Every structure is written in C-alpha cells, then in structure tokens.
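Student:
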Amino acid sequence: MKINILDNRSESYFENQFGTLGLLAITHVQTPIEELLNEYAIQFTEYDTVSIDGQILDIYYISNFDSSGKIEQFLSSQPASSSEATGCGDDASTQDLYFLDLGHRSLSGSDGSGTYLYYVFNTPPDRVAIRSVQDLLELQHEFRFGELAPVYKCTDCSETVHWLSVCNGTETDDILLSNIESLVRNKRCGCTES
Ligand SMILES: [Zn+2]
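The letter at position 156 of the sequence shown is residue 137 when you use my numbering, and the numbering goes up by one with no holes.
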C-alpha cells in the first residue's frame, strides 16, 4: 500500500484550514484528561457540550495554559505535519485552550487498552468547526494512505489537475470543501459544471 503521498501544497492547505478553525493538535492520551489535569494541578472548567452524530461531547476549557513545560504531553500529536511546532511565532507562553473530548478509542489488534482522543483548539470550537475538522481529517487520511490522489486525470476531459486547482480554485476560504471533495473523489476537474 502506498502511504503518505500527501504533497506540500495539500499539506499547507490542511495546515491553513486547521489553523483557521483554531485546531492546535490532536492528542491521544492514556488517561482521561480530567485525571491528567488533576495530576498536573491544572485548573480547568467544563466549558460546553456539543452534539455530534447524536453523541454529546464535552469541551473543557483551560485558561492561560502554561505551554512551557507540560504542553508536549497534551499536544503530542500535531494535526498536519509534525515539524511545525505549536507556538512558533507566538511568544506568549500561556494560552487559552479548549479540549474536545472524543472519548475512548480502543486500538485495533492491541490488548484493548486504547487511548483517549482529544482535539485541542485555541478558540471555542462550535459544531460547524468540529464537523469541518472531521471532514478535513478524513480527507487528509485518504490522501496519506493513497486512497485519493492529489493529482489526477479528469475522467471527462483527460486534463491532469491538482485537486486544489479544481473549481477554478485558489486556496481561499471561499472554496467549499464539499465541492472539491466530490470532484476529487470522482476524479473530475469541474469542466462539466456550469
Ligand atoms: Zn475535466
């Protein structure tokens, strides 16, 4: 199986989108976050709940989280490339964080121990933002694992296109992800759309 065929252009697109949505990290931890935060004596509040696919998810809020020492544990996994560390270009050592609790995930083929999954935001995430993150992650995953190709030949006109160039696209916010998504999934360039 081909893996990680995500090109730089797509990587930057995803990074920018995640940045716009306020997503800092996706973190898997062994211990539920409440326990972990208590262990580190980090003050947190239950900020809100949000309903996604019929599930009620909790959002925890940490005001002025000190990112100097403990952040690695919480921000262990970056959403896009792993090299772009958090807080670069951001001199403040504290920031407000919102942890969306996606619950316990058991690892397939493991002893069933699993991890707790959290999305970490620097702005309060709403339902729309969370859905967008999930859609983007799914798409990113499909590129990474070679299920979708960033560059493909249009099945209508045989033009070779980059998925971010379809819909006369430039990588601006006004591209509707759902539009380009359906084009890339169907290997079309948009030439038959009016
Ligand atoms: Zn075409």
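Glycine included, each C-beta is placed from N, C-alpha and C at the ideal position. Being a predicted model, the structure only gives us computed values, none of them experimental.
Under three-state DSSP, which class holds A6?
Tutor: One-based indexing of the sequence shown puts residue 6 at position 25. Strand.
Student: Mapping DSSP to helix, strand and coil, what is S87?
Tutor: Counting from 1 along the sequence shown, the entry for residue 87 is found at position 106. It is coil, neither helix nor strand.
Student: Comparing the CB of R169 with every heavy atom of ligand 1, is any distance shorter than 7 Å?
Tutor: As a working note, residue 169 is residue 188 in the sequence shown. R169: yes, Cβ under 7 Å from ligand 1.
Student: How is N147 classed by DSSP in three states: helix, strand or coil?
Tutor: Numbered from 1 along the sequence shown, position 166 holds the residue referred to as residue 147. Per the sequence presented here, residue 147 reads as Val, with Asn not at that position. If DSSP states are grouped into helix, strand and coil, V147 belongs with coil.
Student: Taking T26 as the reference, give the member of F102, I33, E15, E20 with the closest Cα.
Tutor: Here residue 26 corresponds to residue number 45 of the sequence shown, with the count starting at 1. Of the candidates F102, I33, E15, E20, the one whose C-alpha sits nearest the C-alpha of T26 is E15.
Student: With a cut-off of 8 Å on the beta carbons, I'd call L78 and N103 a contact; round off their distance for me.
Tutor: Position 97 of the sequence shown, counting from 1, holds the residue named residue 78. Position 122 of the sequence shown, counting from 1, holds the residue named residue 103. Yes, they are in contact, since the Cβ atoms of L78 and N103 sit about 6 Å apart, within 8 Å.
Student: In this structure, does DSSP put V109 in helix, strand or coil?
Tutor: If you number the sequence shown from 1, residue 109 lands on position 128. Of the three classes helix, strand and coil, the one that applies to V109 here is helix, per DSSP.
Student: What would DSSP say about N19, mapped onto helix, strand or coil?
Tutor: As a position in the sequence shown, residue 19 is number 38, starting the count at 1. Helix, per DSSP.
Student: Among the residues of its own chain, which have a CB less than 6 Å from the CB of K168, if the five just before and after it don't count?
Tutor: Sequence index remark: in the sequence shown, residue 168 carries index 187 (1-based). Closer than 6 Å at Cβ, skipping near neighbours: Y133, T136.
Student: Go to E162, then tell me how far its alpha helix (DSSP H) extends in each direction, as first and last residue.
Tutor: Residue numbering aside, residue 162 sits at position 181 when the sequence shown is read from its first letter. Residues 158 to 166.
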